[in-house]
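Asks:
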């Protein structure tokens, strides 16, 4: 059964490209795009995606509170952060909130897809840059 | 004191003595006044010099602040541009990836590959632009480390794009060098500054063609020059050279080029703070900068950065020590995953296994019943090489004595649900291990278990 992926991001061009990307890979299916996460929990309940790929910086959104809420309300849908900003405090807050990883938007697309599959299996994934940032002393 | 001598013997003459006393007092008053005036003048001159010094110091710090603000503005602008550029390129890369998975004609596949290469270049450009940012929360940060090979992949495009026509950038940073103890953004700013200086020197020399070369290598004793004679060996370091085949500097310019305000450019172009700032940044992380130049023979800056302590090289080298063996026996799968990813980040020095099937593991991350203090104490007593990160309360149990003074504590209790930050920091402390040394001895006891 393919892994359904829900994108939560305010980047419309990415939202248009993602379903085409996932459609070419038999491991995945497109669950949809949410630009405004006001009703995110209801949407995730209804669509029950395997993976929620969520941007960190969305205007007016307390992202990590949302992750915590999703982890509590929809534990079968695993959230993984997807951001162009890599910061130690963001990555730690994401894991503390219940995310299954933190991926950088500069990662190779193939690597991104492999990581989405790993998240669906319950693994924690971190981009190489995130690992380097977290390993900093 | 006034002394009176007479050629002829004479008796006391009260009048003469009184007169001489009066003259003596006048002379004394004059001398005291003259001395006081001289002291006053010296004090005034000293005071004026102090004021001048303080004024110069204030001007310098004001200029540094102004320069730092300007850099921060440029950096923020560059980082914003890089971020937006990344957001545009990601959908392009996603579409190219899906196109590449499609059935395409040979010509179309070649087109897709070519566009992919261009997108990859733009992506590296965007990543490099972000490295020019000064994170306000980390502006004063002196800690951090950078893998030079990975850094070079990110910044080379930005550096090349900023060069004037006719100036080439060559060289590279090889993989396998140990990470250097400087943040990527600070390193980028310093090297970008030097590359720009070289490019301007080349362009200023009649717009001639020229090359700026960058290379990196492990520091050898001969790299220390005269300092190699020092009695104590220097800590391991990496040398980064930025050289050009431009006009070079006159000795008088070379002697002063690190001074604040000194510049050979017109003021509208330069504040003369570039090299002073670069030296400040390099020295702030314990590094050094050396200049070699002569008129007509180009310019070479040698930056020496200390190797980051306790950080593994990105690629294993011939001197890579045996990996530290870690075992994780924690119920929560997400915690196990995070720990595994963190240990993977230290892949040259550590290898992790889930479960307790690694009897000779040196580092154990344990939770549940296995993390009870009395069980941990007994477990540590079996093997002096073991260390434990326990996801449990210590209940006041003191850690077992550690014979190896200065080493990380052998047991660290983090509570049942530690924060990611606490988990990460304790793991890093536990993974501290000397770079050199024999591989861990095989565990002689029967299979150990924390379960």
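Chains as they are written, first to last, in this note's numbering: chain B, 108 to 244; chain H, 798 to 1248. Backbone N, C-alpha and C fix where the C-beta goes; we use that ideal spot for every residue, glycine too.
#1: What does a CB cutoff of less than 8 Å around residue 909(H) pick up in its chain, not counting 5 residues either side in sequence?
#2: What are the boundary residues of the alpha helix (DSSP H) that includes residue 1249(H)?
#3: Sort 217(B), 172(B), 133(B) by Cα distance to residue 145(B) and report the nearest one.
#4: Name, going along the chain, the residues of the region 835 to 850 of chain H whose beta-carbon falls closer than 8 Å to a beta-carbon of chain B.
#5: From the beta carbon of residue 1216(H), is the nearest beta carbon of chain B less than 8 Å away?
#6: With 8 Å as the threshold, decide whether the Cβ of residue 1134(H) is near any Cβ in chain B.
#7: Considering only their Cβ atoms, is the gap separating residue 928(H) from residue 951(H) smaller than 8 Å?
#8: Going by DSSP, what residue range makes up the alpha helix (DSSP H) through residue 197(B)?
#9: Check whether the Cβ atoms of residue 978(H) and residue 1082(H) sit closer than 8 Å, and answer yes or no.
#10: Return the CA-CA distance between residue 134(B) and residue 160(B), expressed in angstroms with no decimal places.
#11: For the candidate residues 110(B), 141(B), 150(B), whose alpha-carbon lies nearest to that of residue 120(B)?
#12: Using a Cβ cut-off of 8 Å (strictly closer), state whether residue 937(H) contacts chain B.
#13: Could you compute how far the alpha carbon of residue 1209(H) sits from the alpha carbon of residue 170(B)?
#14: Quick check on DSSP: helix, strand or coil for residue 1157(H)?
#15: Can you tell me whether residue 149(B) is buried or exposed? The criterion is at least 16 other CB atoms within 10 Å of its CB, across all chains shown.
#16: Taking 8 Å as the cut-off, decide whether the C-beta atoms of residue 1227(H) and residue 1186(H) are in contact.
#17: Between the alpha carbons of residue 1065(H) and residue 976(H), how many angstroms are there, rounded?
#18: On the DSSP bridge assignment, give the partners of residue 1137(H) in chain order.
#19: Count the CB pairs spanning the region 232 to 242 of chain B and the region 208 to 217 of chain B that are closer than 8 Å, and state whether there are at least three.
#20: What residues of chain B sit near residue 884(H), judged by a beta carbon separation below 9 Å?
#21: Three-state secondary structure (DSSP) at residue 95(B)?
#22: Give the secondary structure of residue 942(H) by DSSP, where H, G and I count as helix, E and B as strand, and everything else as coil.
#23: Counting beta carbon pairs with one atom in the region 954 to 971 of chain H and one in the region 986 to 997 of chain H, are three or more of them shorter than 8 Å?
#24: So residue 944(H) contacts chain B; which residues on that side make the cut at Cβ distance below 9 Å?
#25: Could you check the C-alpha separation between residue 1183(H) and residue 1190(H) for me, to the nearest Å?
#26: Which chain B residues are close to residue 899(H), counting only those with a beta carbon under 8 Å from its beta carbon?
#27: Where does the unbroken beta strand (DSSP E) through residue 1012(H) begin, and where does it stop?
#28: Give the secondary structure of residue 234(B) by DSSP, where H, G and I count as helix, E and B as strand, and everything else as coil.
#29: Of all the CB atoms in chain B, is at least one closer than 8 Å to the CB of residue 1138(H)?
#30: Who are the near neighbours of residue 192(B) in its chain, counting only those whose CB is closer than 8 Å to its CB and skipping five residues on each side?
#31: Is the beta carbon of residue 113(B) closer than 8 Å to that of residue 151(B)?
#32: Counting only Cβ-Cβ distances shorter than 7 Å, please list the residues of the region 172 to 185 of chain B near chain H, keeping chain order.
#33: What do you get for residue 1181(H), buried or exposed, if any count of 16 or more other CB atoms within 10 angstroms of its CB means buried?
#34: As a quick exercise: from 1207(H), 980(H), 917(H), pick the residue whose alpha carbon is nearest that of residue 1179(H).
#35: Applying the 10 Å Cβ sphere with the 16-neighbour rule, what's the burial state of residue 1091(H)?
#36: Using C-beta distances below 8 Å, list every residue in its chain close to residue 154(B), excluding the 5 sequence neighbours before and after it, in chain order.
Replies: On the basis of the coordinates in this document:
#1: Position 112 of the second chain holds residue 909(H). Counting only Cβ-Cβ distances below 8 Å, and skipping sequence neighbours, we find 893, 896, 897, 901.
#2: The structure shown does not extend to residue 1249(H), since chain H is modelled only from 798 to 1248, so the question has no answer here.
#3: In the first chain, the residue the question calls residue 145(B) occupies position 38. Nearest to residue 145(B) by C-alpha distance, out of 217(B), 172(B), 133(B), is 172(B).
#4: none
#5: Position 419 of the second chain, counted from the first residue, corresponds to residue 1216(H). It does: the Cβ of residue 1216(H) has a partner Cβ on chain B nearer than 8 Å.
#6: Here the question's residue 1134(H) lines up with position 337 in the second chain. Yes, its Cβ sits closer than 8 Å to a Cβ of chain B.
#7: Within the second chain, numbered from 1, the residue matching residue 951(H) stands at position 154. Within the second chain, numbered from 1, the residue matching residue 928(H) stands at position 131. Inclusion of residue 951(H) and residue 928(H) in the CB contact set at 8 Å is warranted, their separation being smaller than that value.
#8: Numbered from 1 along the first chain, position 90 holds the residue referred to as residue 197(B). Note, residue 197(B): alpha helix (DSSP H), 195 to 204.
#9: Stepping through the second chain from its first residue, residue 978(H) is reached at position 181. Stepping through the second chain from its first residue, residue 1082(H) is reached at position 285. Yes.
#10: Within the first chain, residue 134(B) is the residue found at index 27, counting from 1. Within the first chain, residue 160(B) is the residue found at index 53, counting from 1. For residue 134(B) and residue 160(B), the distance between alpha carbons rounds to 16 Å.
#11: Taking the first chain and counting its residues from 1, one reaches residue 120(B) at position 13. The candidate whose alpha carbon is nearest that of residue 120(B) is 141(B).
#12: Indexing the second chain from 1 puts residue 937(H) at position 140. Its pLDDT being 45, under 50, residue 937(H) is placed unreliably by the model, and nothing is read from it.
#13: The residue given as residue 1209(H) occupies position 412 in the second chain. The residue given as residue 170(B) occupies position 63 in the first chain. Near 32 Å, if we compare the C-alpha coordinates of residue 170(B) and residue 1209(H).
#14: Locating residue 1157(H) in the second chain gives position 360, where the first residue counts as 1. Three-state result, residue 1157(H): coil.
#15: Here the question's residue 149(B) lines up with position 42 in the first chain. So residue 149(B) ends up on the exposed side.
#16: Taking the first residue of the second chain as position 1, residue 1227(H) is located at position 430. Taking the first residue of the second chain as position 1, residue 1186(H) is located at position 389. Their beta carbons are under 8 Å apart, which means residue 1227(H) touches residue 1186(H) by this criterion.
#17: Walking along the second chain from the start, residue 1065(H) turns up at place 268. Walking along the second chain from the start, residue 976(H) turns up at place 179. Bear in mind that the predicted position of residue 1065(H) carries a pLDDT of just 40, short of 50, making it unreliable; the figure below should be weighed with that in mind. Approximately 38 Å, taken between the alpha carbons.
#18: Position 340 of the second chain, counted from the start, is the residue given in the question as residue 1137(H). Within the DSSP bridge table, the entry for residue 1137(H) names no partner.
#19: Touching, per the Cβ criterion.
#20: Walking along the second chain from the start, residue 884(H) turns up at place 87. Near residue 884(H) (Cβ distances below 9 Å), the residues of chain B are 118, 120, 121, 191, 212.
#21: This structure gives no information on residue 95(B), because the portion of chain B shown stretches from 108 to 244.
#22: Counting from 1 along the second chain, the entry for residue 942(H) is found at position 145. DSSP places residue 942(H) in coil when its eight states are reduced to three.
#23: Yes: the two stretches touch, three or more of their Cβ pairs being nearer than 8 Å.
#24: Against the second chain, residue 944(H) aligns to sequence position 147. Correct list: 239.
#25: Counting from one through the second chain, the residue named residue 1183(H) turns up at place 386. Counting from one through the second chain, the residue named residue 1190(H) turns up at place 393. C-alpha separation (whole angstroms): 19 Å.
#26: On the second chain, position 102 is the one that residue 899(H) refers to. Result: 131.
#27: Taking the second chain and counting its residues from 1, one reaches residue 1012(H) at position 215. First-last of the beta strand (DSSP E) with residue 1012(H): 1007 to 1015.
#28: Mapped onto the first chain, residue 234(B) falls at position 127. Coil.
#29: Within the second chain, residue 1138(H) is the residue found at index 341, counting from 1. Closer than 8 Å to some Cβ of chain B, the Cβ of residue 1138(H) qualifies, so yes.
#30: For the purposes of this step, residue 192(B) is taken as the residue at position 85 of the first chain. Contacts found: 163, 164.
#31: Sequence index remark: in the first chain, residue 151(B) carries index 44 (1-based). Sequence index remark: in the first chain, residue 113(B) carries index 6 (1-based). Closer than 8 Å, so yes.
#32: none
#33: Residue mapping note: residue 1181(H) aligns to position 384 of the second chain, counting from 1. Counting Cβ neighbours within 10 Å, residue 1181(H) comes out exposed, since fewer than 16 surround it.
#34: To locate residue 1179(H), count along the second chain from 1; it is residue 382. Of the listed residues, the one whose Cα sits closest to residue 1179(H) is 1207(H).
#35: Taking the second chain and counting its residues from 1, one reaches residue 1091(H) at position 294. When all chains shown are included, residue 1091(H) counts as exposed.
#36: In the first chain, counting from the first residue as 1, residue 154(B) sits at position 47. So the qualifying residues of the chain are 111, 113, 138, 139.
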